[in-house]
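Asks: Have a look at this one.
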Amino acid sequence: MNGFKAIIELQDILFPKFYTAIDSEDNEYIFLKTQDSTINSLDKVSDKTQLEAYENHIHICGKVKKRVQHTAITSAKLITKNLIENLKASFPNKNFYVYLDCDFNDHIILRFHQLWENEAPYYDVKDFPNIEVFKIEAK
0 MNGFKAIIEL QDILFPKFYT AIDSEDNEYI FLKTQDSTIN SLDKVSDKTQ
50 LEAYENHIHI CGKVKKRVQH TAITSAKLIT KNLIENLKAS FPNKNFYVYL
100 DCDFNDHIIL RFHQLWENEA PYYDVKDFPN IEVFKIEAK
């Protein structure tokens, strides 16, 4: 994949934009705006964390060859940092978890969700050694 093609394919996460949706109980969900369809309305959601984490994930790439793993993880961490900064700026009063999932034999995935009251984080990272977690706390 050449550089320009990569930028176009990753534009949703390199230049993140977000939108919100409200469920029938007035909970505000944060979603990454992508080329996929937009969620306009939600009924009562039983697992808010799961919904956001599922909807807010981007596959940065698939299997990564050994000779480019250092470059891949460095790039993925820069993309993660950019997402974190954009979430902080866009939603300064919200708490988030951001996950960088690097399994070089299969994928590099970035995902996020809000920290919801009475719900556990999407991953218990001690069970997933390939996942690095970043916690964003409201100002």
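Residue numbers (numbering that gives the first Met the number 0): 0 to 138. From the three backbone atoms N, C-alpha and C, an ideal C-beta is built for every residue, glycine too. Small disclaimer: the values here were computed from a predicted structure and weren't measured.
Please tell me whether residue 29 and residue 59 are closer than 9 Å, where the distance is taken between their beta carbons.
Replies: no
Asks: Can you round the beta-carbon distance between residue 95 and residue 109 to whole angstroms, since I take them to be within the 8 Å contact cut?
Replies: Not a contact, Cβ separation roughly 12 Å.
Asks: Pop quiz: residue 127 and residue 83 are said to be a contact at Cβ under 8 Å. What is the actual Cβ separation, rounded to whole angstroms?
Replies: Actually they do not touch by this definition, with Cβ atoms about 19 Å apart.
Asks: Pull the bridge partners of residue 132 from the DSSP assignment, please.
Replies: 98
Asks: Based on DSSP bridge pairs, tell me the residues matched to residue 122.
Replies: Paired residues: none, contrary to the question.
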